[in-house]
Amino acid sequence: MQTVRQPLFVFIIAFALVASCTKTAPPITPTAVAAINTAVSPTTTPTSTPTPQPTNTPTPTASPTPTFTPTATAVPIIISGNPRAAQLKAPEPDGRFPCGVVDTFDFPIDPPDAAGVRRGGVDFGVYRNRYAKYHAGEDWGGPAGSRNLGTPVYSIGHGLVTYAEPVGWGRDQGVVIVQHTLTDGRRLLSFYGHLDPDSVVLNAGECVVRGDQVGNIGQPRTTPHLHFEIRTQAPYETLTGYWPVDPTLAGWLPPSQTIWQQRIAASPGVEWIRPFTHAGTRPIGQFNANAFIVFEDNQLIALNSADGSERLFDLGDAVIDAALVHEQNASLYTAGRLGQINAFSPVENSETDVNLTPLWSLDLA
């Protein structure tokens, strides 16, 4: 059986014809290219730039708060033990002082300090229109919460009874006077008036110890109270309790102030004291090593630092209402209300005296 190959032959003939009929492209003529030698410079390798690190933002600093500087405070005095107990002594009689000397003074009502008394110690030297005179003592009542009438009255210190009469003031009732001798030999009198007559049992010439009872508050013509005095005169006389002029000019002393003064004077280590009895007393300053100046009753007074003695400045006709001591050179300046200012200097080589030399004067009026 003959194999049929005609279709394959026909395909080959057809492919050959198509190929022979395709247009052939002309040959490309090569173009000459000019040879250009370009000098190539070597490129500099750039220096590597370090990458900046992030900077920390600083924390804002708070403005410092000013520190408060405290004002220097004085160191407080520390007292140990019992200062009062160190002062108390029993009386020691001798030939000169048969009843001994004073150790300290207590108050006549509610001793030692009259802490519970509701009235007392405030009316010495007060002018009373009723009598047209000045009160020569202090009026005292009893402790708060109790009646005045019958309140016990006590001797303020060791002493000798110089007067004791149940009706020494007549209708104003009983009086007792006690004489007290101080360690320096001075003598003071304590006076207790308006005592209940039945309570006055002491006799003149007897000794009493601080705190001994001298009587009870009685019933005078006025309301019940104690009339209490301290004075330097009339140990055997009652007098009247009032005086036509300032009682301090005639031998009376401010009672309560005198008690405190004696207490301080009896304290260990105290050399001397000077109470400022005048309301207008003002300390001026240290004048030199031996004198301290105070202004009192429109006068300048130099107090001796060793013993407390006083001496008045002689400033001529200068009217003084105020004064000042210069801290460095001890110069003294005074001023008057009329506008005059004066300056004084201490005399050279005068360490113990208070002599002054005028420096200058200025009138501002």
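Numbering (numbering that gives the first Met the number 0), first residue to last: 0 to 364.
Each residue gets a CB set at the ideal place from its N, CA and C atoms; glycine is no exception.
Residue 211 has its alpha-carbon roughly 12 angstroms from the corresponding atom of residue 111. In terms of CA proximity to residue 273, 307 leads the group 280, 259, 307. Leaving aside the five residues that flank residue 140 on each side, the residues in its chain whose CB is nearer than 7 angstroms to its CB run, in chain order, 116, 117, 118, 119, 147, 224. The residue from 94, 250, 209, 255 with its alpha-carbon nearest to that of residue 122 is 255. A residue is called buried when at least 16 other Cβ atoms come within 10 angstroms of its Cβ; residue 86 does not meet this threshold and is exposed. Under DSSP, residue 183 shares a beta bridge with no residue. Residue 356 and residue 313 have their C-alpha atoms roughly 10 angstroms apart. Residue state for residue 360 is assigned as strand, using DSSP reduced to three classes.
Put simply, the segment 165-172 does not touch the segment 129-140. Fewer than three CB pairs are less than 8 angstroms apart. Residue 339 is positioned such that its CB atom lies closer than 9 angstroms to that of residue 361. Distances from the alpha-carbon of residue 226 to those of 364, 83, 108 put 108 closest.
For residue 339, there is no enclosing alpha helix (DSSP H); the residue is part of the beta strand (DSSP E) that begins and ends at 339-345. For the 9 angstroms CB-CB criterion, residue 188 and residue 228 form a contact.
Looking at the DSSP output, residue 203 shares a beta bridge with no other residue. Classified as exposed, residue 282 has fewer than 16 neighbouring CB atoms from the shown chains inside 10 Å of its CB. Residue 105 is positioned such that its CB atom lies closer than 9 angstroms to that of residue 155. Between residue 178 and residue 234, the gap from beta carbon to beta carbon is short of 9 angstroms. Residue 191 and residue 214 do touch by the CB rule: their CB atoms are close to 6 angstroms apart, below 8 angstroms.
Distance from residue 341 to residue 317 at the Cβ level is roughly 5 angstroms; contact confirmed, criterion being Cβ atoms closer than 8 angstroms. Spatial neighbours of residue 208 in its own chain (CB-CB distance under 8 angstroms, excluding positions within 5 residues in sequence) are listed in chain order as 89, 90, 154, 157. Excluding residues up to 5 positions away in sequence, 281, 283, 322 lie with their Cβ nearer than 6 angstroms to the Cβ of residue 294 in the same chain. Rounded to the nearest angstrom, the Cβ distance from residue 205 to residue 152 is 16 angstroms, too far for a contact under 8 angstroms. By the beta-carbon neighbour count (other beta carbons within 10 angstroms, threshold 16), residue 95 is exposed. In this structure, DSSP gives residue 247 a helical state, which the three-state scheme calls helix. Relative to the Cα of residue 246, the nearest Cα in the group 324, 132, 299 belongs to 132.
Residue nearest to residue 309 within the set 292, 315, 248, 346 is 292 (criterion: CA-CA distance). If you look at residue 262, you'll find it in the alpha helix (DSSP H) that goes 254-264.
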